[in-house]
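In the UniProt record's numbering, the protein residues as written are 1 to 573. Cβ coordinates follow ideal geometry from the N, Cα and C atoms, glycine included. If you're wondering where the values come from, they're calculated on a predicted model, not measured in any experiment. Heads up: the structure comes next, in structure tokens.
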Amino acid sequence: MSSSYSFVMDGGLFGERFRSAVGEESGGTSISLNAVSSDLDHYEASDDRGRHLLLVGNLFDRFANRIVPPPDFPALLRENDPIGTLLSEYWGRYVALLHDNRTGQIEMVRDPSGQVLCYYRRDGDRLLVASDANQLFAGPAMPEPDWAAMAMHLRNPMVRTQDSCVQGVCELLPGLSLRSCADGFQTLARWLPRIEEAMIEKPVDQIADRLKREIENAVSAWARRFPRPLLGLSGGLDSSVIAASLRSRKDDVNCLNAISGTGRGDERSYAAAVADMYSFPLHEAVLDVADIDYAKSLAAPKPRPSSSAFTQAIDKGSARVAEACGAEAHFSGGGGDNIFAFIHSSYPATDCLLDTGIGATYRLTLSNLARMTGCDVWQILSRSLRHGMLARRPFVQRVDERFLLAKNPEALPVHPWIEGGGKRRPGKRQHIAATLEAIHFTEFLNIGGLPTIYPLLSQPLMEFCLSIPVWRWSQGGVDRSLVREAFRKLLPQQIIDRRSKGSFGQLFEAGFMRNVDVIRTMLFEGQLAEHGLIDRAACLDALSVPEKLRPEIISRLAIFVDAEAWLAARSCH
């Protein structure tokens, strides 16, 4: 993700003054940007009521599905609640700020897709906001890591809270706003996923038609903003529906298939079938394990270790292709499994039971899930009944305390989307949690300075997918069945029928084993052990016979090594 910006609010926390670097006057208040990268657009407007609205990012009109021209942006200030209107009538990837010069109140919001990062910190009477942590500090001195936040990160890296792993730096989470108040700031859930009751009985063909329309609208809007995309085309269902939605732009689209090994690491035949159908150029990148350096962190500018060393090979292989074909952006099908409710558990049956009771629909759902997961119907029935009785219990985040020195009984925080949008449905809570995990991963790719766009995480599409009961996605015993139905006529049959999943597992494990000596040193001499967070002896014992390491242990230890690389990079800075 190359998108970058920063701005400053000077004295605006309590309505005294509001300033940024450029200093364009508006009713006694100045507001503008220090810096913004070329892939982000800049919108600004003021009204005679003393309000000033600033937006950094890419913005589309929800009803016309077009890029919002800057002259149309001031229309938002005709509304009593411009932030609410922004979230209900527009979409995109952005951070927006509203300042009311009469009351001194400010409100900053990050769009629900989370594709533009937003970090902030207080500095006296100033509020500094930026896409990375380095831009929040002047000079070479950097603050200390927040070791309590790091300890929480190691228990589950995908659970993000407003507290980062750098002291004094906070993150504005997607769909939330930061509003000034007498005590400083309060965080509000400005956007919540909603379950639509009508989706319980709506015919499959109607849901599929709407789903197709939402996907095509999202992809076409992004293609208007970035007309020459490089699409990561694995040949899986998610990237394939993006390719199908780009079919009218075959002269501008290039596709990339990343090859990371044999078997599940080689999906060329699937990608070629889709590319051939629409005459898209298909480039192949054989990923090189030598490009993976566990001592290097691509997350160094960020206030938490939000990167994985193995993606360095993907970044470099993809960047070479992107440069050769003159791409403006990288399009990824990432997040598709998550928003399309690819949930292999009994939770969808629990939701169906709570939605429809014990009847024909519930029995059919049990059968569908048994076919999809390979589990016994009676096992799914038993678990769904048990989960149904516990549905009112609070949602609990998964915790992994393997190799941690201290065990913490405290539960991890739960995102407001899960609390406010789950409607006491265990399956829907899992669906929302999976969507949040997808948003977490959007900052992991860094392809040659290009922005990576995730069309399947576009707000209107997310809203629609999250409104559908999770049990409706497994019709006929097939995962993501609604997507398959929506694009049945637009994709090769082998893609519609495909059940296997590609994997970078071979590359990931090979990269770890190639760096195992460096990894052993990093964990033995590193800061995590020094600060009592990880069990140094247990880690070294696991690494004593590397060839016997199981994949799940490699994945666990890799989290620690990525954190050590991040800590070392920040110490050097």
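Using only the alpha-carbon positions, how far apart do Ala189 and Ser177 sit? Numbered from 1 along the sequence shown, position 189 holds the residue referred to as residue 189. Numbered from 1 along the sequence shown, position 177 holds the residue referred to as residue 177. So the two alpha carbons sit approximately 7 angstroms from each other.
If you measure between the beta carbons of Ala138 and Tyr119, is that distance less than 7 angstroms? Working through the sequence shown from its first residue, we reach residue 138 at position 138. Working through the sequence shown from its first residue, we reach residue 119 at position 119. No. Outside cutoff.
Whose C-alpha, out of Ser131, Glu107, Pro203, Leu237, is nearest the C-alpha of Gln186? Residue 186 sits at position 186 when you count from the first residue of the sequence shown. Out of Ser131, Glu107, Pro203, Leu237, Glu107 has the C-alpha closest to the C-alpha of Gln186.
With 16 other CB atoms within 10 Å as the buried threshold, where does Phe226 fall? Walking along the sequence shown from the start, residue 226 turns up at place 226. It counts as buried.
In angstroms with no decimal places, state the Cα-to-Cα distance between Met513 and Leu86. Counting from one through the sequence shown, the residue named residue 513 turns up at place 513. Counting from one through the sequence shown, the residue named residue 86 turns up at place 86. Distance between the alpha carbons of Met513 and Leu86 is about 48 angstroms.
Return the residue from the list Gly532, Asp123, Arg160, Gly114 that minimises the CA-CA distance to Gly168. Working through the sequence shown from its first residue, we reach residue 168 at position 168. Here the closest residue by C-alpha is Asp123.
Count Cβ pairs between the segment 346 to 354 and the segment 236 to 256 that sit closer than 8 angstroms; are there 3 or more? no
Are Phe310 and Val129 closer than 7 angstroms when you measure CB to CB? Locating residue 310 in the sequence shown gives position 310, counting from the first residue. Locating residue 129 in the sequence shown gives position 129, counting from the first residue. No, these two residues do not count as a Cβ contact at 7 angstroms.
Do you know whose CA, among Trp473, His99, Ser544, lies nearest Leu523's CA? The count along the sequence shown starts at 1 and reaches residue 523 at position 523. That would be Ser544, whose Cα lies nearest to the Cα of Leu523.
For the putative contact between Asp61 and Gln459, defined by C-beta atoms under 8 angstroms, what is the C-beta separation to the nearest angstrom? The sequence position of residue 61 within the sequence shown is 61, counting from 1. The sequence position of residue 459 within the sequence shown is 459, counting from 1. Not confirmed; about 12 angstroms, so no contact.
Whether or not the segment 322 to 339 and the segment 228 to 242 are in contact is what I'm after, with contact meaning three or more pairs of Cβ atoms, one per stretch, closer than 8 angstroms; do they touch? yes
Simplified DSSP state of Ser220, which is helix, strand or coil: Residue mapping note: residue 220 aligns to position 220 of the sequence shown, counting from 1. Of the three classes helix, strand and coil, the one that applies to Ser220 here is helix, per DSSP.
Indicate whether Phe342 and Asp535 have their beta-carbon atoms separated by less than 7 angstroms. For the purposes of this step, residue 342 is identified with residue 342 of the sequence shown, where counting begins at 1. For the purposes of this step, residue 535 is identified with residue 535 of the sequence shown, where counting begins at 1. For the pair Phe342 and Asp535, the CB atoms are not nearer than the 7 angstroms cut-off.
Roughly how many angstroms lie between the CA atoms of Glu16 and Ser3, to the nearest whole one? The residue you call residue 16 lines up with position 16 of the sequence shown. The residue you call residue 3 lines up with position 3 of the sequence shown. With a pLDDT of only 44 at Glu16, under the threshold of 50, the placement of this residue in the model should not be trusted; the figure read from the coordinates follows. For Glu16 and Ser3, the distance between alpha carbons rounds to 31 angstroms.
If you draw a straight line from the alpha carbon of Ile559 to that of Asp100, how long is it in whole angstroms? Taking the first residue of the sequence shown as position 1, residue 559 is located at position 559. Taking the first residue of the sequence shown as position 1, residue 100 is located at position 100. Computed Cα separation, rounded: 43 angstroms.
Going by the DSSP bridge assignment, what does Ile259 pair with across the sheet? Counting from one through the sequence shown, the residue named residue 259 turns up at place 259. Ile259 is bridged by DSSP to Val286.
For Thr103, which of helix, strand or coil comes out of DSSP? In the sequence shown, the residue the question calls residue 103 occupies position 103. Residue state, collapsed to three classes: coil.
Hey, how far is the Cα of Gly235 from the Cα of Ala285? Here the question's residue 235 lines up with position 235 in the sequence shown. Here the question's residue 285 lines up with position 285 in the sequence shown. Approximately 14 angstroms, taken between the alpha carbons.
For Leu381, count neighbouring C-beta atoms within 10 Å of its own C-beta (all shown protein chains included) and say buried if the count is 16 or more, exposed if not. Here residue 381 is taken as the residue at index 381 of the sequence shown, counted from 1. With 16 or more other Cβ atoms within 10 Å, it is buried.
Report the option in Glu564, Gln494, Trp473, Ala569 whose CA atom is closest to the CA atom of Asp205. The residue you call residue 205 lines up with position 205 of the sequence shown. Taking only the C-alpha atoms, the option nearest Asp205 is Trp473.
Which same chain residues, not among the five before or five after Pro82, have their C-beta less than 8 angstroms away from its C-beta? Reading the sequence shown from its first residue, position 82 is the one you call residue 82. So the list reads Arg51, Leu53, Leu76, Leu98, once near-sequence residues are dropped.
Straight-line CA distance for Glu547 to Gly184? One-based indexing of the sequence shown puts residue 547 at position 547. One-based indexing of the sequence shown puts residue 184 at position 184. Distance between the alpha carbons of Glu547 and Gly184 is about 54 angstroms.
Taking the C-alpha atoms as reference points, what is the distance between Ala433 and Ser113? Numbered from its first residue, the sequence shown carries residue 433 at position 433. Numbered from its first residue, the sequence shown carries residue 113 at position 113. Taking the straight line from one Cα to the other gives about 14 angstroms.
Residue interval of the alpha helix (DSSP H) (run including Thr365): Here the question's residue 365 lines up with position 365 in the sequence shown. Here the alpha helix (DSSP H) through Thr365 covers 360 to 373.
Where does the unbroken beta strand (DSSP E) through Leu230 begin, and where does it stop? Your numbering for residue 230 matches position 230 in the sequence shown. Unbroken beta strand (DSSP E) run through Leu230: 229 to 232.
Rounded to a whole number of angstroms, what is the C-alpha to C-alpha distance between Ile418 and Gly476? For the purposes of this step, residue 418 is taken as residue 418 along the sequence shown, with counting starting at 1. For the purposes of this step, residue 476 is taken as residue 476 along the sequence shown, with counting starting at 1. Approximately 28 angstroms, taken between the alpha carbons.
Tell me which same chain residues have a C-beta within less than 7 angstroms of the C-beta of Leu366, skipping the five on either side of it? To locate residue 366, count along the sequence shown from 1; it is residue 366. Excluding residues within five positions, the ones whose Cβ falls inside 7 angstroms are Ala349, Val377, Ile380, Leu381.
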